[in-house]
Amino acid sequence: MADEKKLRWGILGTGGIARMLTSDLLVNGFTVAAAGSRSLEKARAFADEFGIPRAHGSYEELVADPEVDIVYVATPHAFHHQDALLALRAGKHALVEKAFTLNAVQAQELADVAADNGLVVLEAMWTRFLPHSVRLREILGAGTIGDVRTVIADHTQSLPQDPAHRIQNLELGGGALLDLGIYPVSFAWDVLGAPASVTAIATKTPTGADRQTSILFGYDSLATAVLTTSLDAAGPNRAAIVGTKGWIEIDRVFYEPTSFTVYATDGTVLERCTSEVTGRGMHFQAAELERLVRAGLTAGDVLPPAESVAILATLDEIRRQIGLAYPGE
Ligand SMILES: NC(=O)c1ccc[n+]([C@@H]2O[C@H](COP(=O)([O-])OP(=O)(O)OC[C@H]3O[C@@H](n4cnc5c(N)ncnc54)[C@H](OP(=O)(O)O)[C@@H]3O)[C@@H](O)[C@H]2O)c1
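For the sequence shown, our numbering assigns the number 26 to the initial residue and increments by one for each residue that follows.
The following block contains the structure:
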């Protein structure tokens, strides 16, 4: 078999999650060619730490680097739209951290620009691509637990209360919903598709970011989803899917590589699924992006850009109900 040309990754923004994805890419045999930061010093330090050959002192230089095929956008939410557009307009595929953008209008523009230019843009909702999620979809597809009636999930953490921290700061897209709540929302979407009705309530932090948001989805199938997220009270971070013939309990932490158990209605264990991954498990989404590029596709089945746009539209509706707008919206 001909040796496939290695696709080369460029890291845009050198913060916490950039560090984690870069580590996962390298331990799993991907090629990271360059790092870009608003500061050349930071870019060099990051590149040196990971043995990355090239460092750029601006995002513009990073996306213009001819040695880069795919850009990983790892900036705060408020900048995903502009930074991903920068990459796409430079002809680069883009993996864009969650939440994909601040709102559906921005998300649609990313999807359109990518499609018009034959490029892949993928939301870095890494959970979708983890081994346990793949097995879950198989089990649900086989009808093992019958018709799904309820999805229950929480993403609750105790995060810094510093008003300047990106989780609190509306200028950076702060709040629990876009940072943490996106996981249960995207999970419910994965299991049940588009909700027919959305109901949400929230409390706020002193900066106006949502501290805790609880969400109910209703579906035409008569299923419901019960979801909650918090940024100052850590909870179980588990999920459950309840069906007419059984249920599935996904162990803590449901959105990271984890295990789950499938039960029949009488409590009999039908399957216990465990998964082992090398590193944190963030490279599975990178493998999907590379697969799409090699296949000449701009959208896969697991998380096409159109679904990221639709999920953002749902988040927009939740934000409308809880009275959360970002500066400039
Ligand atoms: N998948 C996951 O598990 C996961 C976990 C955590 C976060 N995330 C997502 O990753 C994104 C970044 O989060 P993070 O925790 O890595 O944040 P972070 O540690 O604060 O890093 C963000 C980086 O963005 C760049 N940046 C550009 N403009 C900025 C600005 N005005 N203020 C601050 N930083 C700016 C900076 O890089 P330079 O200084 O190098 O330019 C900074 O280091 C968020 O969208 C978040 O939702 C995902």
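Every residue gets a Cβ at the ideal spot worked out from N, C-alpha and C, and that includes glycine.
Check                                                                                                                                                                                                : Outcome
Does Lys-30 pass the burial test, meaning 16 or more other C-beta atoms within 10 Å, or should it be called exposed?                                                                                 : exposed
Once DSSP output is grouped into helix, strand and coil, what is the label at Ser-222?                                                                                                               : strand
State the Cα-Cα distance for the pair Gly-218 and Ala-227, rounded to the nearest angstrom.                                                                                                          : 23 Å
Drop a sphere of 10 angstroms on the beta-carbon of Ser-158, count the other beta-carbons inside from all chains shown, and report buried for 16 or more, exposed for fewer.                         : buried
Go through its chain and collect everything with a Cβ distance to Ala-27's Cβ below 8 Å, but skip five positions before and after it.                                                                : Low per-residue confidence applies at Ala-27: pLDDT is 41, beneath 50, and the placement is therefore not dependable, though the value from the model is reported in the following sentence. Nothing meets the Cβ criterion.
So Glu-122 is in the beta strand (DSSP E); what residue range does that whole segment cover?                                                                                                         : 118 to 122
Please look up how many angstroms separate the CB atoms of Leu-247 and Ala-213, rounded, as I've assumed it's under 8 Å.                                                                             : Rounded, the Cβ-Cβ distance is 15 Å, inconsistent with contact.
Could you tell me which uninterrupted beta strand (DSSP E) segments, each at least 3 residues in length, are contained entirely in the stretch 64 to 122, listed from first to last along the chain? : 79 to 81, 95 to 98 and 118 to 122
Could you tell me if Glu-85 is buried or exposed, where buried requires 16 or more neighbouring beta carbons within 10 angstroms of its beta carbon?                                                 : exposed
In terms of alpha-carbon separation, which member of Gln-310, Leu-337 and Asp-341 lies closest to Val-327?                                                                                           : Gln-310
Return yes when the Cβ of Pro-220 is within less than 8 Å of the Cβ of Ala-250, no when it is not.                                                                                                   : yes
Are His-105 and Glu-122 close, meaning C-beta to C-beta below 8 Å?                                                                                                                                   : yes
For Val-57, tell me which candidate among Ile-42, Gln-193, Met-45 and Ile-77 has the shortest Cα-Cα distance.                                                                                        : Ile-77
How many angstroms separate the CA atom of Thr-238 from the CA atom of Asn-142?                                                                                                                      : 37 Å
With DSSP collapsed to three states, give me the class of Ala-189.                                                                                                                                   : coil
Leaving out five residues on either side along the sequence, give the residues of the same chain with a beta carbon under 8 Å from the beta carbon of Gly-116.                                       : Asn-142 and Leu-144
Nearest-angstrom Cα distance between Asp-187 and Asp-108?                                                                                                                                            : 25 Å
Taking only three categories from DSSP, how would you classify Arg-174?                                                                                                                              : strand
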